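J.: Got a structure for you, questions after.
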Amino acid sequence: MGLLSQGSPLSWEKTQRHAEHVRKHGIQQFLHIYRAVGERHKDVLKWGDEVEYMLVAFDHKNKRARLSLSGEEVLHTLQEKGERINPNHPTLWRPEYGSYMIEGTPGQPYGGTMSEFNTVQDNMRKRRQEAASVLKKDEAVCTVTSFPRLGCLGFTIPEYHPTPIEMGASKSLFFPDEAINKHPRFSTLTRNIRHRRGEKVIINVPIFKDKNTPSPFIETFPSDDGEAARAAKADHVYMDAMGFGMGNCCLQVTFQACSIFEARYLYDQLATICPIVMALSAAAPFYRGYVTDIDCRWGVISASVDDRTREERGLEPLKNNRFRINKSRYDSIDSYLSECGEKYNDIDLTIDKEIYEHLVKEGIDHLLAQHIAHLFIRDPLTLFEEKIHLDDANESDHFENIQSTNWQTMRFKPPPPNSDIGWRVEFRPMEVQLTDFENSAYVVFVVLLTRVILSYKLDFLIPLSKVDENMEVAQKRDAVRQGMFYFRKDISKGGNAVVDGCGATQNGTETDVEEYTLMSIDTIINGKEGVFPGLIPILNSYLENMEVDVDTRCSILNYLKLIKKRASGELMTAARWMREFVANHSEYKHDSVISEEMNYSLMWKCNQIAQEQVECPELLGVGLNKLKYSGIKATS
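Residues in the sequence shown are numbered from 153 upward in steps of one, following this note's numbering.
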């Protein structure tokens, strides 16, 4: 998760004093990188995934599932048994926000050959087995996006009570500080976001109105000093801490492009795909023990790290702050980066004009300069005393300080100084899935899509404001089947090359409203005659023209079948499956409440599905997943 510097973290007041220093030197560090490698071409295709896991402890006697706060110990053991013994170990493990979380990646990035697609699931399987092998009895490593009772009394083991006092990191009524990873970055981020904002973060998620749900649905908070009562909305589930967002799990993919131009082109094209894939991967319908009316975590995590002051949010006149800022630091992108994207940049972009002018003066083009100048309207949220004064020519911590705390749907990533790593883009909107098969399918789908975008010079660009509208729709309940999304009708208008970061538009025409229309996800993914060819048919066409061994082709086709059937509604998203599981549970009172026993039943079923101990055809289909698991179960 982002920059994991070590050292003595500064308070918000001290960090704020150095904010201008960090921004100034962060820009210098970016310029050093750009001058060194801005013209570099012919980097090879590499890519990799990141999977975030929760450690869940099962109490079968009392029918309870809780989050095990053993992440640091598990991480240390995994690293000692893996990368610290063998630098070429097939898996890597890193800390995540929650002390009940770990993050796993392949030990080495994947390359550009088609056969690499056949190794993804096996590597994810290794990760799950490795992590499970070091857990205690009755513990399991689970890939669930949101733990249904996160923030409910006693949701962790060991059990801790929240401490809603100023001395703590989060001051939360629900989320104990002990559930935050002990690495100083995480508690410092939590505290400094709250201090910079001037109040606790406010998260309100609409409750799902079942037949016995109180109307209006209004909560009271016994330990409240009045802040929660003012912040909580009627008919909404209220949450008040960074952990409710960053304590969720996701699935991400990073690509190395052959040049900065190709990276910028991919960044733009994939930005339009983000809401589509987010809806397709929807897996987070439950929050703080309630059934809610959303299916994805995005808005929750966006609000959980929203450090904007009242002035920056437009609630008070600007006095102590410089900018009105329209979005949280965690949100969709605000500008395209390639030349062909420029005419679709229709969102009002707040930038630091001094930084923009400095970058342009130093030879950075308008689009990249405004992108960086927009990221740098933000303050650094963490700073370590030992990391204030750096060698700008050989270090990039100040640049990464701002860059890595702009958590957007896509991230444009310059190479680290003095490395052989190329220009990269990170695809960030996906929810993590229950099984390694599903996670592999989503990863392979997105990676294949990048190959097709570059090979066929596809053009998915639409006005960025429409992408933002799609992001709103994508989070709604059952958006895959019910939502309509703006999408480009003719995606084959590309020119002959991507060397300038953009294919030429047909006949040089400018954008017009006829370029895009509202489509269902079924139409976007599977196609509809006379409307849109469909992404899956395009991928299949691409595969037919590639030399692919039989085994790899079989794996890829199974992955694409899963995506195809999720898009059509034939197979459920994880969110829809979870809703139906709860609705049909014998304990459920149709009041939108998820009890301890319901939570236990759901999490145990998720664990059994992940290990293929039980079939789940409504979620996974029949016969798609060919890899089998053994020896990694949490014993009952």
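Virtual Cβ for every residue (Gly too), placed ideally from N, Cα, C.
These numbers come from a predicted model, not from an experiment.
Mind listing, in chain order, the continuous beta strand (DSSP E) runs of no fewer than 3 residues lying wholly within the stretch 326-413?
T.: DSSP runs (the beta strand (DSSP E)) wholly in the stretch 326-413: 355-358, 388-391 and 402-408.
J.: For His-313, count neighbouring C-beta atoms within 10 Å of its own C-beta (all shown protein chains included) and say buried if the count is 16 or more, exposed if not.
T.: The sequence position of residue 313 within the sequence shown is 161, counting from 1. It is exposed - the Cβ of His-313 has fewer than 16 other Cβ atoms within 10 Å.
J.: Suppose the cutoff is 6 Å on Cβ atoms and the five residues either side in sequence are ignored; what does the same chain contact list for Ala-393 look like?
T.: Stepping through the sequence shown from its first residue, residue 393 is reached at position 241. Hits under 6 Å: Ser-322, Ser-324 and Phe-327.
J.: Taking the Cβ atom as the reference point for each residue, do Ala-631 and Ala-762 lie within a distance shorter than 8 Å?
T.: The residue labelled residue 631 in the question sits at position 479 within the sequence shown. The residue labelled residue 762 in the question sits at position 610 within the sequence shown. Their beta carbons are not under 8 Å apart, which means Ala-631 does not touch Ala-762 by this criterion.
J.: For His-335, which option in Lys-741, Glu-767, Glu-770 and Pro-161 has the closest C-alpha, if you only look at C-alpha atoms?
T.: Taking the sequence shown and counting its residues from 1, one reaches residue 335 at position 183. The shortest C-alpha separation from His-335 is found at Pro-161.
J.: Please identify the residue among Ile-179, Glu-202 and Arg-175 whose C-alpha is closest to the C-alpha of Val-584.
T.: What you label residue 584 is simply residue 432 of the sequence shown in a count that begins at 1. Of Ile-179, Glu-202 and Arg-175, the residue nearest in Cα terms is Glu-202.
J.: With burial defined as no fewer than 16 other Cβ atoms inside 10 Å of the residue's Cβ, what is the status of Gly-574: buried or exposed?
T.: Against the sequence shown, residue 574 aligns to sequence position 422. Gly-574 is buried by the Cβ-count criterion.
J.: Output needed for Thr-661: all residues of its chain with C-beta closer than 6 Å, excluding positions within five of it in sequence on either side, in chain order.
T.: The count along the sequence shown starts at 1 and reaches residue 661 at position 509. In this prediction, Thr-661 has a pLDDT of 42, which is less than 50 and means its spatial position is unreliable; what the coordinates show is noted afterwards. Excluding residues within five positions, none has a Cβ falling inside 6 Å.
J.: Which residues in the same chain as Tyr-173 place their Cβ atom closer than 6 Å to its Cβ, once the five residues preceding and following it in sequence are excluded?
T.: Here residue 173 refers to the residue found at position 21 of the sequence shown. According to the sequence provided, residue 173 is His. The question's Tyr does not apply to it. None.
J.: Report all residues from its chain with a CB closer than 8 Å to the CB of Asp-447; omit the five preceding and five following residues, and keep chain order.
T.: The residue labelled residue 447 in the question sits at position 295 within the sequence shown. Ala-431, Ala-434, Ala-435, Ala-436, Pro-437, Gln-627, Lys-628, Arg-629, Asp-630, Ala-631, Thr-725, Ala-727 and Arg-728, listed in sequence order.
J.: Contact defined as beta carbons within less than 8 Å: I believe Asp-419 pairs with Val-577. What is the distance between those atoms, to the nearest angstrom?
T.: Residue mapping note: residue 419 aligns to position 267 of the sequence shown, counting from 1. Residue mapping note: residue 577 aligns to position 425 of the sequence shown, counting from 1. Here residue 419 is Tyr; the residue named in the question, Asp, does not match the sequence. Contact flag correct, Cβ pair sits at about 5 Å.
J.: Apart from the five residues on each side of it in sequence, which residues of its chain come closer than 6 Å, Cβ to Cβ, to Gly-441?
T.: Translated into positions along the sequence shown, residue 441 becomes position 289. The residues are Arg-301, Cys-304 and Ile-746.
J.: Quick check: Ile-677 and Leu-687, are their CB atoms within less than 8 Å of each other?
T.: Translated into the one-based positions of the sequence shown, residue 677 becomes position 525. Translated into the one-based positions of the sequence shown, residue 687 becomes position 535. Yes, they are a contact pair.
J.: Give a yes or no on contact between the stretch 467-481 and the stretch 393-412, applying the rule of three or more CB pairs nearer than 8 Å.
T.: As far as the Cβ criterion goes, the stretch 467-481 does not touch the stretch 393-412, which means the pair count is below three.
J.: Give me, in chain order, the residues of the same chain whose beta-carbon lies closer than 6 Å to that of Gly-679; leave out the 5 immediate sequence neighbours on both sides.
T.: Within the sequence shown, numbered from 1, the residue matching residue 679 stands at position 527. Closer than 6 Å at the Cβ level, and outside the excluded window around Gly-679, lie Pro-685, Gly-686 and Pro-689.
J.: By DSSP, does Tyr-252 sit in helix, in strand, or in coil?
T.: To locate residue 252, count along the sequence shown from 1; it is residue 100. Coil.
J.: Relative to the C-alpha of Val-625, which residue among Leu-714, Gly-451, Val-774 and Gly-773 is closest?
T.: As a first step, residue 625 is located in the sequence shown; it is residue number 473 there, counting from the start. The option with the nearest alpha carbon to Val-625 is Gly-451.
J.: By the DSSP assignment, the beta strand (DSSP E) with Ala-217 in it spans what residues?
T.: In the sequence shown, residue 217 corresponds to position 65, counting from 1. Note, Ala-217: beta strand (DSSP E), 216-220.
J.: State the beta-bridge partners of Ile-309 as determined by DSSP.
T.: Mapped onto the sequence shown, residue 309 falls at position 157. Answer by DSSP bridge pairing, in chain order: Ser-220.
J.: Using the rule of at least 16 other Cβ atoms within 10 Å of the residue's Cβ for burial, across every protein chain shown, is Ala-593 buried or exposed?
T.: As a position in the sequence shown, residue 593 is number 441, starting the count at 1. Classification for Ala-593: buried.
J.: Is the beta carbon of Gly-250 closer than 8 Å to that of Ile-332?
T.: If you number the sequence shown from 1, residue 332 lands on position 180. If you number the sequence shown from 1, residue 250 lands on position 98. Yes, Cβ-Cβ distance for Ile-332 and Gly-250 is below 8 Å.
J.: By Cβ distance, which residues of its chain are closer than 7 Å to Lys-717, with the 5 residues on each side in sequence left out?
T.: Taking the first residue of the sequence shown as position 1, residue 717 is located at position 565. The residues are Leu-723 and Gly-773.
J.: Apart from the five residues on each side of it in sequence, which residues of its chain come closer than 6 Å, Cβ to Cβ, to Val-700?
T.: Taking the sequence shown and counting its residues from 1, one reaches residue 700 at position 548. Correct list, in chain order: Met-266.
J.: Out of Met-319, Leu-183 and Glu-235, point me to the one whose CA is closest to Asp-543's CA.
T.: As a first step, residue 543 must be located in the sequence shown, where it is residue number 391. It is Leu-183.
J.: For the ligand ADP, is there any heavy atom lying closer than 7 Å to the beta carbon of Phe-733?
T.: The ligand ADP is absent from the structure shown, which contains no ligands of any kind.
J.: Kindly give me the distance between the Cβ atoms of Pro-358 and Thr-444, rounded to whole angstroms, as I take these residues to be in contact under 8 Å.
T.: Taking the sequence shown and counting its residues from 1, the one referred to as residue 358 is at position 206. Taking the sequence shown and counting its residues from 1, the one referred to as residue 444 is at position 292. Yes, they are in contact, since the Cβ atoms of Pro-358 and Thr-444 sit about 6 Å apart, within 8 Å.
J.: Go ahead and pull the three-state DSSP assignment for Ala-171.
T.: As a first step, residue 171 must be located in the sequence shown, where it is residue number 19. In the structure shown, Ala-171 sits in a helix (DSSP, three-state: H, G or I).
J.: Confirm, please, whether the CB-CB distance from His-550 to Gly-159 is below 8 Å.
T.: In the sequence shown, the residue the question calls residue 159 occupies position 7. In the sequence shown, the residue the question calls residue 550 occupies position 398. No, these two residues do not count as a Cβ contact at 8 Å.
J.: Are three or more beta carbon pairs between the stretch 270-288 and the stretch 223-239 nearer than 8 Å?
T.: Short answer: they touch.
J.: Buried or exposed for Cys-706, going by 16 or more other Cβ atoms inside 10 Å?
T.: By one-based count along the sequence shown, residue 706 stands at place 554. Per the 10 Å Cβ criterion, exposed.
J.: Would you mind stating whether Val-475 and His-523 have Cβ atoms separated by less than 8 Å?
T.: Here residue 475 refers to the residue found at position 323 of the sequence shown. Here residue 523 refers to the residue found at position 371 of the sequence shown. One point to set straight first is that residue 475 is Phe, not Val, in the sequence displayed. Contact: no.
J.: Give the straight-line distance between the Cα atoms of Leu-489 and Lys-513, rounded to the nearest whole angstrom.
T.: Stepping through the sequence shown from its first residue, residue 489 is reached at position 337. Stepping through the sequence shown from its first residue, residue 513 is reached at position 361. So the two alpha carbons sit approximately 18 Å from each other.
J.: From Gln-168 to Lys-505, what distance separates their C-alpha atoms?
T.: The sequence position of residue 168 within the sequence shown is 16, counting from 1. The sequence position of residue 505 within the sequence shown is 353, counting from 1. Between Gln-168 and Lys-505, the C-alpha separation is close to 20 Å.
J.: If you draw a straight line from the alpha carbon of Arg-731 to that of Glu-509, how long is it in whole angstroms?
T.: Counting from 1 along the sequence shown, the entry for residue 731 is found at position 579. Counting from 1 along the sequence shown, the entry for residue 509 is found at position 357. Their backbone Cα atoms lie some 51 Å apart in a straight line.
J.: If Cys-294 sits next to Cys-758, beta carbons under 8 Å apart, how far is it from one beta carbon to the other, in whole angstroms?
T.: In the sequence shown, counting from the first residue as 1, residue 294 sits at position 142. In the sequence shown, counting from the first residue as 1, residue 758 sits at position 606. Their Cβ separation, rounded to whole angstroms, is 6 Å, which keeps Cys-294 and Cys-758 in contact under 8 Å.
J.: I need the boundaries of the beta strand (DSSP E) containing Leu-207, first residue and last residue.
T.: Taking the first residue of the sequence shown as 1, we reach residue 207 at position 55. It spans 198-211 - the beta strand (DSSP E) in which Leu-207 sits, taken as one unbroken run.
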